[in-house]
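In my numbering, the protein residues as written are 6 to 291.
Positions of the beta carbon are idealized from the N, C-alpha and C atoms, including for glycine.
To start, the structure itself, in structure tokens.
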Amino acid sequence: MASTNGTKAQVDSRDKGLVWYNDDTSELTQSTRAFLEKYTGLPSDQVIPHVLDIRDRAWNVWPYPCLGEFRFLGPSIDTQPSCPQILERLKGGQKLLDLGCCFGQDIRYLVSEGVPAENIYGSDLHREFIDLGYELFMDKEKLKSTFITSNIFDTSPSSGFEKIEGKIDIIYLGSFLHLFDWDDQVKIATRLVSILRPERGSLVLGRQVGSVAPGVIEHKTNESGKMYRHDAESFTRMWKEVENKTGTEWEVDAALDENEGVGHNGKHSNWHGPNVRRLRFAVSRK
């Protein structure tokens, strides 16, 4: 089993010596800074101190690589080839769930593009991330999206998802599914089938860390200490398992991006290893 850098003790202590903790803000893209300035109204000289304060408070909640590498700032749904169609569907009244939304940066992007906030739901295991998202984007009093604090493995009648069960048209998974091993990914995908409308065209799309050598790796930021990294073939095979479990049929479009890394600014992070690539996917109900 391959391994990433970092020990459980470092993760548990929120050690800033972890290889994915980065203090260099010079690589924040101009577009990211411009989006934050426009959305929040913050003066340009206050953006970086604001970001650093929120990031370090979030790090103390749980030290995910996306926090250490400032990948929580900019949206990723806009890099999906189908983004224009997604915007059109949501503006037309369809509903989207951003699962594992963290600070809800993709939700703010969709709202800034004219999507009614009421059509968007966000969910995260950590309520602290949702609250820090309000602070980061300075919109607690005006954002009308609904946020759910819940564990996707909780299937009880009071899980938090019961009010949207079977009512969501699109589920976005931005850097979420790769946090789990194969079996848990199948459980999650099976759960998504029940949250989506049982209709042709219901859609799961997203991106995650993939690999040209798919398989299990060790990683200390999740409970099991391991995760499964896919290539396009293994991801498609996993969804075939979901089809068999749910009695549904899905069209899977998945591909590794050879040109984009998975670190900050789309660069390759040295700690990820040479086999890592960005995996993008769209899975549509037939």
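Residue i and residue j closer than 8 Å at C-beta
{"i": "residue 210", "j": "residue 287", "result": "yes"}
{"i": "residue 262", "j": "residue 290", "result": "no"}
{"i": "residue 128", "j": "residue 153", "result": "yes"}
{"i": "residue 96", "j": "residue 73", "result": "no"}
{"i": "residue 27", "j": "residue 75", "result": "yes"}
{"i": "residue 219", "j": "residue 239", "result": "yes"}
{"i": "residue 124", "j": "residue 98", "result": "yes"}
{"i": "residue 251", "j": "residue 160", "result": "no"}
{"i": "residue 108", "j": "residue 137", "result": "yes"}
{"i": "residue 174", "j": "residue 208", "result": "yes"}
{"i": "residue 102", "j": "residue 193", "result": "no"}
{"i": "residue 242", "j": "residue 216", "result": "no"}
{"i": "residue 115", "j": "residue 213", "result": "no"}
{"i": "residue 176", "j": "residue 104", "result": "yes"}
{"i": "residue 246", "j": "residue 255", "result": "no"}
Own chain, CB closer than 7 Å to residue i, minus 5 neighbours either side, in chain order
{"i": "residue 21", "result": "none"}
{"i": "residue 19", "result": "64, 65, 68"}
{"i": "residue 269", "result": "Low per-residue confidence applies at residue 269: pLDDT is 47, beneath 50, and the placement is therefore not dependable enough to give any value."}
{"i": "residue 87", "result": "210, 287"}
{"i": "residue 280", "result": "216, 217, 218"}
{"i": "residue 186", "result": "221, 229, 231, 232, 233"}
{"i": "residue 15", "result": "22, 23"}
{"i": "residue 188", "result": "none"}
{"i": "residue 368", "result": "As shown, the chain starts at 6 and ends at 291. That puts residue 368 outside it, with no answer to give."}
Alpha helix (DSSP H) segment containing residue i, residue limits
{"i": "residue 58", "result": "49 to 64"}
{"i": "residue 188", "result": "187 to 200"}
{"i": "residue 116", "result": "110 to 117"}
{"i": "residue 39", "result": "35 to 45"}
{"i": "residue 94", "result": "88 to 96"}
{"i": "residue 85", "result": "Run containing residue 85: none; DSSP gives neither H nor E here."}
{"i": "residue 14", "result": "13 to 17"}
Sequence-distant residues of the same chain with beta carbon closer than 8 Å to residue i, five excluded per side
{"i": "residue 230", "result": "13, 223, 224"}
{"i": "residue 54", "result": "none"}
{"i": "residue 171", "result": "199, 200, 201, 202, 203"}
Start and end residues, beta strand (DSSP E) containing residue i
{"i": "residue 256", "result": "255 to 262"}
{"i": "residue 76", "result": "Looking at the DSSP string, residue 76 is not in any beta strand (DSSP E), and its letter there is neither H nor E."}
{"i": "residue 328", "result": "The first residue shown for the chain is 6 and the last is 291, placing residue 328 beyond what the model contains."}
{"i": "residue 103", "result": "101 to 104"}
Close Cβ partners of residue i (< 6 Å) along its chain, the five nearest in sequence each way excluded
{"i": "residue 151", "result": "126"}
{"i": "residue 56", "result": "none"}
{"i": "residue 133", "result": "66"}
{"i": "residue 135", "result": "129, 152"}
{"i": "residue 257", "result": "241, 244, 288"}
{"i": "residue 338", "result": "In this structure the chain extends from 6 to 291, so residue 338 is not present and cannot be described."}
{"i": "residue 70", "result": "25"}
Proximity test, Cβ basis, 8 Å: residue i and chain C
{"i": "residue 149", "result": "Absence of chain C from the displayed structure is noted, only one protein chain being present."}
- Task: Check whether the region 167 to 186 touches the region 68 to 83, counting contact only when three or more Cβ pairs, one atom from each stretch, lie closer than 8 Å.
- Result: yes
- What residue ranges within the region 126 to 181 form continuous alpha helix (DSSP H) runs of no fewer than 4 residues, ordered along the chain? Entirely contained in the region 126 to 181, the alpha helix (DSSP H) runs reaching 4 residues are, in chain order, 132 to 142.
- Message: Runs of 4 residues minimum, wholly inside the region 209 to 245: which ones carry the alpha helix (DSSP H) assignment?
- Response: none
- Given 8 Å as the limit, is there contact between the region 37 to 53 and the region 136 to 146, that is, 3 or more CB pairs closer than that? yes
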